[in-house]
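Sequential numbering from 1 applies to the sequence shown in the UniProt record's numbering.
A virtual CB, placed ideally from N, CA and C, is assigned to each residue, including glycine.
Being a predicted model, the structure only gives us computed values, none of them experimental.
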Amino acid sequence: MVGSQATVDSMSRIVMHRRSLTGLCLGPVLALTVCACAGPPWAVGDDVDHGSEQRGAASRSVVTIDAVEVTETGLGLVVDSCQGKPTAQVVESDSTVTITVSADIFEVGPACQDYLAVPLDKDLGARTVVDGSTHSEVPFDLS
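Take a look at the structure:
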């Protein structure tokens with residue numbers, strides 16, 4: 001359409017307006033930018049198989065904890081594995097909760113993270129969370 005301009009509306013459809021041809025080139029760029037910013041089609045901790053048969057052999061390894069959230073029953077962890085069936089070894093003391101997470105690590109495959117719910121014997125309170133793989137405190141927000 002000569003003399004038309006394309007813009008992207010809130011439903012990500014291209015809407016044609018009469019003005020200039022410049023918008024026809026800009027519309028697809030905006031649409032691609034919106035798609036690229038949305039990230040991969042899977043989410044942290046999803047249960048969808050993203051092609052494990054094509055991922056090669058897995059080895060069980062200790063993985064790092066990327067994020068911690070306090071839950072009603074303990075902690076929720078985001079860990080550095082992708083559909084790796086993570087498990088946690090938890091050691092609780094009066095001042096710290098040390099968590100070592102192991103997961104299957106594949107040779108190839110998508111980049112995602114797993115979510116792991118970790119029950120605690122008592123409320124976290126003022127204790128710090130330590131990643132057993134790095135022996136470092138894992139910062140988190142209590143709010």
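Which of helix, strand or coil does DSSP assign to residue i?
i	result
threonine 96	strand
alanine 126	coil
glutamate 107	coil
threonine 87	strand
serine 136	strand
aspartate 114	strand
aspartate 141	coil
Among the candidates the options, whose CA atom is the shortest distance from the CA of residue i?
i	options	result
valine 62	Glu72, Phe106, Glu69, Gly74	Phe106
threonine 96	Leu124, Gln113, Asp141	Leu124
phenylalanine 140	Asp66, Ala57, Ser59, Arg60	Asp66
serine 93	Ala126, Thr64, Ala111	Ala126
valine 101	Ser59, Val79, Val108	Val79
glycine 132	Lys122, Ile99, Val108	Ile99
Quick one: measure Cβ to Cβ for residue i and residue j, integer angstroms, because I've assumed they're closer than 8 Å.
i	j	result
threonine 71	alanine 117	7 Å
leucine 77	valine 90	No, leucine 77 and valine 90 are not in contact; Cβ-Cβ is about 10 Å, not under 8 Å.
Please list, in chain order, all residues of the same chain as residue i whose beta carbon is under 6 Å from its beta carbon, the five residues on each side excluded.
i	result
valine 129	Val68, Val97, Val138
alanine 103	Val63, Ser81, Gly84, Pro86
alanine 58	Asp104, Phe106
Short of 8 Å in beta carbon distance, which residues of its chain neighbour residue i, apart from the five on each side in sequence? Order them along the chain.
i	result
glycine 74	Ala117, Val118, Pro119, Leu120, Leu124
arginine 60	Ser102, Ala103, Asp104, Ile105
Name the one or two DSSP bridge partners that residue i has.
i	result
glycine 74	Pro119
alanine 58	Phe106
aspartate 131	Ile99, Ser136
Short of 7 Å in beta carbon distance, which residues of its chain neighbour residue i, apart from the five on each side in sequence? Order them along the chain.
i	result
threonine 134	Thr64
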